[in-house]
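Residue numbers for the sequence shown follow my numbering, so the first one is 891 and each next one is one higher.
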Amino acid sequence: MVSTIPPRDEETTVRLLTFNVNGIRTFFHYQPFSTMNQSLIKAFNYLQADIITFQELKIEKATVPKWVPSPDEFLTFISIPVKKKGYAGVGCWIRKYDEGHPLFVVAAEEGITGYLSLKLDGKNSVKTYREMDQLNLGQTVGGYDGIEMSKDEALDLDSQGRCVMIELKCQIVVICVYCPANSGLSEEGELFRMKFLKVLFKRIRNLYAMGKNPILMGDVNVCRDLIDSAESLEVLRIPVTNNTDGIQLEKNYCLNCQEFVMNPATPHRRLLNQLLKDSIVPDLAKDGILVDSTRWLQTRKRVKMYTVWNTLKNYRPVNYGSRVDFILTSDKLIPSFKESDILADVMGSDHCPVYLDLDLKGIDLEENKETVKINKIPRFEARFKYDLMNHDVLKMFAYRTKLKDTEIKSTASCSNQITKSVSGTNSNAKRSRSIDTFFSSSKQKKAKLQSFAENATKSKSSAFLPISQSPQAAIKGANKPTNSIKALFGKAPLCKHGEDAILKTSRTSTHPGKRFWVCNRPQGDTGNTESSCGFFQWV
């Protein structure tokens, strides 16, 4: 299913979009992106987005150039982990605007602490963002007050490629994040998570106090409200359908909703709500400075507005998930809100994109008079950061492909000839001109190769068959084991839907290895007739 992307006003609207792609290469395996030849520009234009952040890029330094589109169209800012390769990683792409445009990029930073270093114009000129801020070099976003820690502690916090900050000429600061989740539920992981969130949120408050408008967008890995968690609603036995009124639900279960936020076991949730002016808990909302743009425009009436699902358990088809991806903006930007929603039909990950359309006419375009900015591309831009200025990225990859093809030609020509003759003209693989020329042999030579391939195939297949057995008999024989489950365990019983149940194996300590039948449908909300009926039967 190819999704329909909501249109936007080209002249006065800027679209921000966040998407945890769970591996940028995997993202391009799904329709319609699989037809785009791994072109980010085509993907961004399809999504009609101007400011884009992807999380969980899962790339290494060597492959960064592949994800740097033409600088004439987009500026690229990428942060990848220092140690772990192919893990985490955040990217932000912003359309290239003229110097006088309100969305012109004036500063950019990697990380949340200000202790990461950046190489400046000179070969040996390397300084931290904090040092550059003190020297007023015009490369930094600022807002480090009250964030005190040792340099080693700060570098550890910023070592996983989790944040990119971009300041625009109109004083908007776009903060792209992939916050830690502590999936292992370890004490060390929870301490790291809380420390990261506290520093990030303190930085946001500092920027807000400086008169800037922070926009926090990305995978925050925190579910802010009870209505945003299908599993929590299920545990509390609160029935939810597509027609459920979220406002009425929160009135009927007011205590449950507030306890969900204030639960001492989930301090990260309370910490996030302290930052939100639209928190359901009044005591937390009074000091809030950010607004959940999607919830604000969709209102609290809407339920099941999830952005991530357990795809291993096939929960997405029945929409049994949670909401952890946000675009949280300064409350001063509320008058500029136009549209915001999730794009649940866009595939490519276990998450879905979230977008916000802002009306530029409603944004205060006055520049910050207190901060001197140099009107040139920040040194954190990918071409400077990853030393790509002296080579054309596309030519570099084309050269590597050509070199690879040459190696194939010189070391495996015989294998290629056989492959060419067997596969014929149906192959969709692209080949370089040298290889095409290499294979343009006479019809006689081609016929010999084809004959050789056919004989090799016959001898290979017949070598493993008994003399009396034909290939057709072998195929029929291979199909016999498909009935082994039925022979061993009998016919599958019918679940409450009247459908065949599926066989599973117990992995519990009480019944290890024991087989049982269960409903074939995925788990879902209570009352959802399309989800599992709960059927269970031991073999």
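Glycine residues also receive a C-beta, built at the ideal position from the N, C-alpha and C atoms.
Predicted model only: the values in this text are computed from it and were never measured.
Residue state for Cys1144 is assigned as helix, using DSSP reduced to three classes. Assignment of Val1244 by DSSP, reduced to helix, strand and coil, places it in the strand class. Distance check between Tyr987 and each of Leu1233, Met1100 and Val995 places Val995 closest, using alpha-carbon atoms only.
DSSP places Val1408 inside the beta strand (DSSP E), whose first and last residues are Arg1405 to Val1408. Rounded to whole angstroms, the Cβ separation of Asp1182 and Leu1218 is 6 angstroms, and the two are in contact under 8 angstroms. For Met1055, the enclosing beta strand (DSSP E) begins and ends at Cys1053 to Leu1058. With fewer than 16 other Cβ atoms from the protein chains shown falling within 10 Å of its own Cβ, Ile1392 counts as exposed. Taking C-alpha positions only, Lys1251 is separated from Val1408 by approximately 56 angstroms. Judged by beta-carbon spacing, Glu999 lies within the 7 angstroms limit of Val1031, meaning their Cβ atoms are closer than that value. The beta-carbon distance between Thr943 and Asp1249, rounded to whole angstroms, is 20 angstroms. This is too long to meet the 8 angstroms contact definition. Selection Asp1048, Asp1023 and Leu1025 evaluated against Ile1002 yields Asp1048 as nearest (Cα-Cα).
Counting along the chain, the unbroken alpha helix (DSSP H) around Val1125 starts and ends at Ala1120 to Val1125. Excluding the 5 residues flanking it on each side, Phe1426 has same chain C-beta neighbours closer than 6 angstroms at Val1408, in chain order.
Using a Cβ distance threshold of 7 angstroms, Arg1020 and Gly1004 count as a contacting pair. The beta carbon of Phe1270 is closer than 7 angstroms to those of Phe967, Ala998, Glu999, Glu1000 and Leu1008 in its chain, skipping five residues each way along the sequence.
Less than 7 angstroms divides the Cβ of Ala978 from the Cβ of Gln1050. For Tyr1068, the pairing in a beta bridge is given by DSSP as Asp1109. Here the region 1065-1073 makes contact with the region 1101-1121; the two share three or more CB pairs at distances below 8 angstroms. Counting every other CB atom within 10 Å of its CB across the protein chains shown gives Lys1141 a total below 16, marking it as exposed. Taken through DSSP and simplified to helix, strand or coil, Lys1085 comes out as helix. Following the DSSP letters along the chain, one finds Ala998 inside the beta strand (DSSP E) bounded by residues Val995 to Glu1000. Judged by pairs of C-beta atoms under 8 angstroms, the region 1188-1205 touches the region 1109-1126, as three or more such pairs exist. Lys1203 is not a Cβ neighbour of Pro1383, given a cutoff of 7 angstroms. For Leu947, same chain residues with a beta-carbon under 6 angstroms away, outside a window of 5 residues either side, are Ile914, Gly979 and Gly981 in chain order.
When secondary structure is reduced to three states using DSSP, Phe917 falls in the helix class. Leaving aside the five residues that flank Val958 on each side, the residues in its chain whose CB is nearer than 7 angstroms to its CB run, in chain order, Thr966, Ala1272, Arg1273, Leu1278 and Val1283.
At least 7 angstroms separates the beta-carbon of Val1244 from that of Asp1221. Annotation for Ile931: the continuous alpha helix (DSSP H) segment containing it runs Leu930 to Leu937. Of the candidates Glu963, Ile970 and Ile941, the residue whose Cα lies closest to the Cα of Val954 is Ile970.
Under the Cβ criterion (8 angstroms, minimum of three pairs), the region 1080-1093 does not count as touching the region 1127-1143. Ranked by Cα distance from Gly990, the first of His1387, Lys1266 and Arg1405 is Lys1266. Nearest in C-alpha terms to Ile895, of all of Glu950, Gln1024, Val1236 and Lys1041, is Val1236. Secondary structure note for Gln945: its beta strand (DSSP E) is the uninterrupted segment Ile941 to Gln945. Straight through space, the alpha carbons of Asn1410 and Glu1389 are spaced by roughly 8 angstroms. The beta carbons of Gly1238 and Tyr936 sit no closer together than 7 angstroms. The straight-line gap separating the alpha-carbon atoms of Asn910 and Phe918 is approximately 13 angstroms.
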